[in-house]
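Protein chains: 2
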Amino acid sequence: MLSDAFSLGRIVNDGLIFKQNFSIRSYEVGADRTASIETLMNHLQETALNHVKTAGLMGDGFGATTEMSRRNLIWVVTKMQVLVEHYPTWGDVVEVDTWVAASGKNGMRRDWHVRDCQTGQTIMRASSVWVMMNKNTRRLSKIPEEVRAEIEPYFLERSAIIDEDSRKLPKLNDDTADYIRKGLTPRWGDLDVNQHVNNVKYIGWILESAPISILENHELASMTLEYRRECGRDSVLQSLTAVSTDSGETMVDSRGIECKHLLRLECGAEIVRGRTEWRPKHAELGEARSTPVENA
Amino acid sequence: MLSDAFSLGRIVNDGLIFKQNFSIRSYEVGADRTASIETLMNHLQETALNHVKTAGLMGDGFGATTEMSRRNLIWVVTKMQVLVEHYPTWGDVVEVDTWVAASGKNGMRRDWHVRDCQTGQTIMRASSVWVMMNKNTRRLSKIPEEVRAEIEPYFLERSAIIDEDSRKLPKLNDDTADYIRKGLTPRWGDLDVNQHVNNVKYIGWILESAPISILENHELASMTLEYRRECGRDSVLQSLTAVSTDSGETMVDSRGIECKHLLRLECGAEIVRGRTEWRPKHAELGEARSTPVENA
Chain A
1 MLSDAFSLGR
11 IVNDGLIFKQ
21 NFSIRSYEVG
31 ADRTASIETL
41 MNHLQETALN
51 HVKTAGLMGD
61 GFGATTEMSR
71 RNLIWVVTKM
81 QVLVEHYPTW
91 GDVVEVDTWV
101 AASGKNGMRR
111 DWHVRDCQTG
121 QTIMRASSVW
131 VMMNKNTRRL
141 SKIPEEVRAE
151 IEPYFLERSA
161 IIDEDSRKLP
171 KLNDDTADYI
181 RKGLTPRWGD
191 LDVNQHVNNV
201 KYIGWILESA
211 PISILENHEL
221 ASMTLEYRRE
231 CGRDSVLQSL
241 TAVSTDSGET
251 MVDSRGIECK
261 HLLRLECGAE
271 IVRGRTEWRP
281 KHAELGEARS
291 TPVENA
Chain B
1 MLSDAFSLGR
11 IVNDGLIFKQ
21 NFSIRSYEVG
31 ADRTASIETL
41 MNHLQETALN
51 HVKTAGLMGD
61 GFGATTEMSR
71 RNLIWVVTKM
81 QVLVEHYPTW
91 GDVVEVDTWV
101 AASGKNGMRR
111 DWHVRDCQTG
121 QTIMRASSVW
131 VMMNKNTRRL
141 SKIPEEVRAE
151 IEPYFLERSA
161 IIDEDSRKLP
171 KLNDDTADYI
181 RKGLTPRWGD
191 LDVNQHVNNV
201 KYIGWILESA
211 PISILENHEL
221 ASMTLEYRRE
231 CGRDSVLQSL
241 TAVSTDSGET
251 MVDSRGIECK
261 HLLRLECGAE
271 IVRGRTEWRP
281 KHAELGEARS
291 TPVENA
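Sequences listed follow chains A and B, in order. In terms of the UniProt record's numbering, the first sequence opens at residue 1 and continues consecutively. In terms of the UniProt record's numbering, the second sequence opens at residue 1 and continues consecutively.
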């Protein structure tokens with residue numbers, strides 16, 4: 001069926017790259033008419049799942065293979081790195097390519113390349129690392145041989161689409177954070193099929209503690225997230241942000257801004273550590289330092 | 001272009017009905033694997049806008065015609081009625097039909113019929129009433145003759161797809177509400193291009209005060225919303241819900257449940273009044289009273 005063919009994407013390049021187009025919808029854009037980072041991340045999730053599905057590997061889980069489902073194993077993301085070159089607007093069609101590769105002995109890397117369908121211009125690149133967890137014990141697991149046999153034929157030998165950001169992410173606390181937002185709780189609609197909060201939702205919470213002046217005048221240029229622990233439907237979270245400009249001052253101005261983030265439970269347990277970089281809106285990549293703010 | 005043709009939909013029936021398909025995406029389904037009501041409502045919004053766009057009527061606003069944009073007029077929704085027969089799941093393709101008609105002297109009705117693309121089965125019917133507001137003064141406006149000339153050729157003479165629910169919606173207060181949720185504030189991502197909260201977001205807030213036992217064990221069967229006042233980015237809202245079962249008892253059981261809702265500002269000003277009806281999950285329409293809860 002034509003509509004299915006378009007909507008579910010297709011496998012290309014000897015079966016190793018999955019490709020899917022998305023039209024940016026009116027409800028996926030924000031106050032500045034461009035797609036939100038959550039929208040772009042949702043498209044990444046959707047292509048990852050459709051890749052597994054289209055390859056015929058899907059068990060009864062959400063992205064788990066047959067052999068994984070048999071062993072109650074699920075994928076969990078431990079690291080996500082994202083570079084956004086520009087944000088698409090309502091009606092734009094974006095083309096997402098995704099593929100997987102080995103990551104160490106017990107991990108899988110998944111990369112994405114998002115382009116403007118009309119111009120071919122890069123919109124976003126992303127790289128992530130996934131490991132296996134037992135759904136019942138919630139403990140991490142090695143990759144069983146039978147699972148490796150399922151997925152290894154799909155590994156594409158290619159270096160990561162983004163150089164790994166190996167700078168240590170600090171653990172923020174009440175003293176080192178500039179902004180703290182408390183009492184964040186999942187809405188009913190934030191829960192996924194495992195009654196857990198989907199990792200894309202965390203991004204909204206992380207940005208909840210960023211000052212509105214940054215969100216208004218800047219756009220997210222890059223993001224590195226380390227997922228430490230899952231959070232459930234009864235969790236109450238705190239979002240911490242520390243802001244620094246290129247000059248080291250903690251002021252919001254027209255230059256590039258770097259933020260550190262921590263999402264933690266009220267008891268202190270860490271959920272996600274993160275780093276975000278921001279450039280003035282409408283500045284092109286690499287010009288962040290010289291372009292004035294247009295959208296004040 | 002093929003992808004655009006699919007993603008933007010098409011006009012049929014002598015130009016009076018706009019039709020668009022949507023594939024339900026992984027991030028549009030909730031804990032029970034079915035699409036959320038917000039997802040379905042988002043699809044309605046998207047088709048309404050694409051209808052205006054495809055008809056060549058779009059000015060520089062979000063759904064406003066050229067003559068409306070010239071006069072700083074925008075559409076605002078005053079009433080929305082929705083009946084959901086069943087909820088689609090991830091991968092289902094739904095087909096949305098939408099059309100407009102006159103509503104009184106200064107309003108426009110917009111109806112939607114959503115069907116399963118494979119089976120033709122009705123998923124949802126919805127009917128709404130829209131009036132014009134001046135973007136600067138925020139006061140309601142009559143429909144100017146020039147605007148009427150633009151839109152009237154698109155009016156389809158057909159009775160509303162849902163009989164109007166003309167039962168009065170009560171104004172809940174602290175005494176008549178069973179559940180009150182305070183301190184709701186828009187997230188940055190909730191704002192639309194007018195820096196106002198999109199009317200679909202209100203639904204999430206309304207459901208915030210519904211008890212979790214209803215959300216878990218029941219599904220929304222129908223909803224009537226009356227939009228009274230807009231809310232901006234600095235608004236702090238309270239969500240009130242009163243619950244009654246068919247028997248008049250305020251207990252959550254396996255029978256149908258009716259809720260009344262109010263979304264108000266802290267100062268007491270009303271934003272939305274609403275009524276929702278719920279049926280046990282997996283019950284078919286009309287069997288709500290005899291089917292036990294399966295998803296407890």
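The beta carbon of each residue, even a glycine, is placed where N, CA and C say it ideally should be.
Spanning the alpha carbons of A:D175 and A:L184 requires a straight line of approximately 20 Å.
From the listed residues A:H113, A:N106, A:M132, the smallest Cα separation to A:V94 is found for A:H113. For the set A:K79, A:N217, A:R264, A:E258, the Cα lying nearest the Cα of A:V236 is the one of A:R264.
Cβ atoms of B:L83 and B:M124 come within 8 Å of each other, at about 7 Å. If you draw a 10 Å sphere on the C-beta of A:D192, you find 16 or more other C-beta atoms in it, and that means buried.
Per DSSP, the unbroken alpha helix (DSSP H) holding A:R70 starts and ends at 66-70. For A:E219, the uninterrupted beta strand (DSSP E) run begins and ends at 218-227, by DSSP. Residue state for A:E258 is assigned as strand, using DSSP reduced to three classes. Within chain A, the C-beta atoms nearer than 7 Å to that of B:D192 come from A31, in chain order. The Cβ neighbour count for B:L225, taken over all protein chains shown within 10 Å, is at least 16; the residue is labelled buried. Counted as a single uninterrupted DSSP element, the stretch harbouring B:T54 is not any beta strand (DSSP E) but the alpha helix (DSSP H) occupying residues 37-54. Residues are counted here when their Cβ sits less than 7 Å from a Cβ of chain B; for the segment 173-197 of chain A these are R187, W188, G189, L191, D192, V193, Q195, given in chain order. Counting along the chain, the unbroken beta strand (DSSP E) around B:K182 starts and ends at 179-184. Following the DSSP letters along the chain, one finds B:E230 in no alpha helix (DSSP H), marked with neither H nor E. Shown here, A:R125 sits in a strand according to DSSP, grouped into three states. For A:I143, no beta strand (DSSP E) encloses it, and the DSSP letter there is neither H nor E. Annotated three-state conformation of B:P280 is strand, per DSSP.
In the structure shown, B:K201 adopts helical secondary structure according to DSSP, grouped into three states. Interface criterion met: the Cβ of B:R25 is under 7 Å from a Cβ in chain A. Distances from the CA of B:K142 to each of B:S209, B:N106, B:E46, B:M68 were compared; the closest alpha carbon is that of B:N106. Note on geometry: alpha-carbon atoms of B:S127 and B:F18 lie some 15 Å from one another. B:C259 counts as buried, since no fewer than 16 other beta carbons sit within 10 angstroms of its beta carbon. Scanning chain A for C-beta atoms nearer than 7 Å to the C-beta of B:E46 yields R25, S26, Y27, reported in chain order.
Closest in C-alpha terms to A:L40, from the list A:G63, A:G59, A:Y87, A:R10, comes A:Y87. In this structure, the beta-carbon distance from B:L240 to B:I180 falls below 7 Å.
Against B:V200, the close residues of chain A are Y27, in the order they occur along the chain (beta-carbon pairs closer than 8 Å). Taking 7 Å as the CB threshold, B:L215 lines the interface with chain A.
Each residue's CA atom was taken as its position, placing A:L262 and A:L207 some 10 Å apart.
In the three-state scheme derived from DSSP, where H, G and I count as helix and E and B as strand, B:D60 is classed as coil. Interface with chain B (7 Å Cβ-Cβ cutoff): A:N136 is excluded.
DSSP, reduced to helix, strand and coil, places B:S23 within a strand of the structure shown. Taking a Cβ-Cβ threshold of 9 Å, the residues of chain B close to A:N42 are R25, S26, Y27, E28, in chain order. For B:S159, the nearest beta carbon of chain A is not closer than 7 Å to its own beta carbon.
Exclusion of the five residues before and after A:H218 leaves I257, W278, R279, P280, K281 as the residues of its chain whose Cβ lies within less than 7 Å of its Cβ. Counting C-beta pairs with one atom in each stretch, the segment 67-83 of chain B and the segment 28-36 of chain B have fewer than three that are closer than 8 Å, which means they do not touch. Here the alpha carbon of B:W130 sits roughly 18 Å from the alpha carbon of A:Y27.
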